[in-house]
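Number 141 in the numbering used here belongs to position 116 of the sequence shown; there are no gaps in the numbering.
Where is the CB? At the ideal position from N, CA and C, for every residue including glycine.
Just below is one structure, and these are the notes that go with it.
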Amino acid sequence: MSSATTGVLIVDDEPPARSRLRQLLAEIPGFSVVGEASHGEEALQVANELHPDIVLLDIRMPGLDGLQVAGHMANWAQKPAIIFTTAYDEYAIQAFDAQAIGYLLKPVRRERLQQTLAHAARISRMQLAELPGALPRTQICAQRGRALQMIPVEDIYCFQADQKYVTAYYAGGEALLDEPLKSLESEFGERFLRIHRNALVAIDYMDSLEQEDNGAWQVRLKAGLPPLAVSRRHVGEVKRRLRAGRSSGTPV
Numbered sequence: 026m027s028s029a030t031t032g033v034l035i036v037d038d039e040p041p042a043r044s045r046l047r048q049l050l051a052e053i054p055g056f057s058v059v060g061e062a063s064h065g066e067e068a069l070q071v072a073n074e075l076h077p078d079i080v081l082l083d084i085r086m087p088g089l090d091g092l093q094v095a096g097h098m099a100n101w102a103q104k105p106a107i108i109f110t111t112a113y114d115e116y117a118i119q120a121f122d123a124q125a126i127g128y129l130l131k132p133v134r135r136e137r138l139q140q141t142l143a144h145a146a147r148i149s150r151m152q153l154a155e156l157p158g159a160l161p162r163t164q165i166c167a168q169r170g171r172a173l174q175m176i177p178v179e180d181i182y183c184f185q186a187d188q189k190y191v192t193a194y195y196a197g198g199e200a201l202l203d204e205p206l207k208s209l210e211s212e213f214g215e216r217f218l219r220i221h222r223n224a225l226v227a228i229d230y231m232d233s234l235e236q237e238d239n240g241a242w243q244v245r246l247k248a249g250l251p252p253l254a255v256s257r258r259h260v261g262e263v264k265r266r267l268r269a270g271r272s273s274g275t276p277v
């Protein structure tokens, strides 16, 4: 990480734990606290706004726990380095499955914290971006207005890219994602099918494929949702998926 001072976000539901980490960081040169959060949803909101280099993340918290938070951040285009700080050692394997850079047991010692921070600071944004994401999520963290919200993946019927932004469309509306379409396709390839270079559609929502009078193709969706354009190069795969769904008796 190239900045002179490395920005750190502290996430813990216990004020004394946040205070101790803040005091320890004040003693370690080259690092500064850019923000704090007391629960998982707040951590995602603050990290999305401040783009910290490193997140010191507790695991057991109300609502979204630290492992779930790390799972969401692991799929961000600009992902921070995650260092777990916890009183429990039984989550270590899960933590490193979530691509954690470090795992510190409470009470956190200054020497171990400094060593782990130094290791995280040597990892570039490019190296972090190349780390694989966590297991497929059941919810997507999306931007709606100035707030973040959690949308169940099963409620999303389409992802559409427009330049550097991706919009998730679901029954309750639409929301912006800070994730590239390619990574969404990689993570949710069993649920979503690419129908255009800029669009993925939920397979379970597909109803039929139709060709318009002008020769263009579109896939009709269930529940009265608006049809979506299908590029010619993807028509064959859409047909195959629709046929496979009908022959297997699954609701496609």
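Exposed unless 16 or more other CB atoms sit within 10 angstroms - verdict on residue i
i	result
H144	exposed
R219	buried
L209	buried
D37	buried
L75	exposed
R171	exposed
T111	buried
8 angstroms Cβ cutoff met for residue i and residue j
i	j	result
M231	L267	yes
L89	I107	no
F109	A99	no
E61	I35	yes
Per-residue DSSP class, three states only, for residue i
i	result
V133	coil
G127	strand
T141	helix
P103	Per the sequence shown, the amino acid found at residue 103 is Gln instead of Pro. DSSP places Q103 in coil when its eight states are reduced to three.
G249	coil
G4	Only positions 26 to 277 of the chain appear in the structure, and residue 4 is not among them; the question remains open.
Residue i versus residue j - alpha carbon distance
i	j	result
Q185	A68	26 angstroms
L202	A51	34 angstroms
A146	G32	10 angstroms
Q119	N239	52 angstroms
P251	E66	31 angstroms
V133	A117	15 angstroms
R258	Y190	23 angstroms
P105	P77	6 angstroms
Q139	F56	10 angstroms
Q236	G249	18 angstroms
M175	E212	17 angstroms
P177	H64	19 angstroms
**OP:** Only counting runs of 3 or more residues, tell me where the beta strand (DSSP E) segments fall wholly within the segment 154-233, in order along the chain.
**Re:** 164-169, 172-177, 181-187, 190-195, 198-202, 217-221, 224-227
Original post:
Enumerated in chain order, which unbroken segments of the beta strand (DSSP E) with a length of 3 residues or greater are wholly contained in the segment 45-90?
Top reply: 56-62, 79-82
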